[in-house]
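Engineer: Provided herewith is a single structure, encoded as structure tokens, for subsequent inquiry.
Residue numbers (the working numbering): 9 to 128.
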């Protein structure tokens, strides 16, 4: 399977990324990390942390940067890149237990033709 995971620099995204890396290590799937623009962290900082996680687990993966609209860039890359799955962080729960999604995750869910997995 060819997996694309989006990372925006938030701790939720890194938690999801680490879960995906653990799964890839078990399955041997191909992995591409897509770093999306964020107000949280600079792309260079996110990429450095992504490389540290990958190196620590002994996994080789492609790293791509997405400029502009994060959701649109992830959807375009996933749909055009022949990926089998697109993984994004699964948001957080409200006090009443409902899932709250950020605008990027919502855009991806509504627009991607590639299968989408919400990871937490």
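Don't be surprised by glycine CBs; every beta carbon is placed ideally from N, CA and C.
In this text the structure is predicted, and so the values were computed from the model without any measurement.
For residue 73, which beta-bridge partners are listed by DSSP?
Structural biologist: 43
Engineer: Taking the straight line between their C-alpha atoms, what separation do you get for residue 58 and residue 16?
Structural biologist: 11 Å
Engineer: Cα-Cα, which of 12, 85, 64 and 96 is closest to residue 18?
Structural biologist: 96
Engineer: To the nearest angstrom, how far is it from the Cα of residue 62 to the Cα of residue 48?
Structural biologist: 21 Å
Engineer: Does residue 104 pass the burial test, meaning 16 or more other C-beta atoms within 10 Å, or should it be called exposed?
Structural biologist: exposed
Engineer: Exposed or buried, which one is residue 107 when buried takes at least 16 other CB atoms within 10 Å?
Structural biologist: exposed
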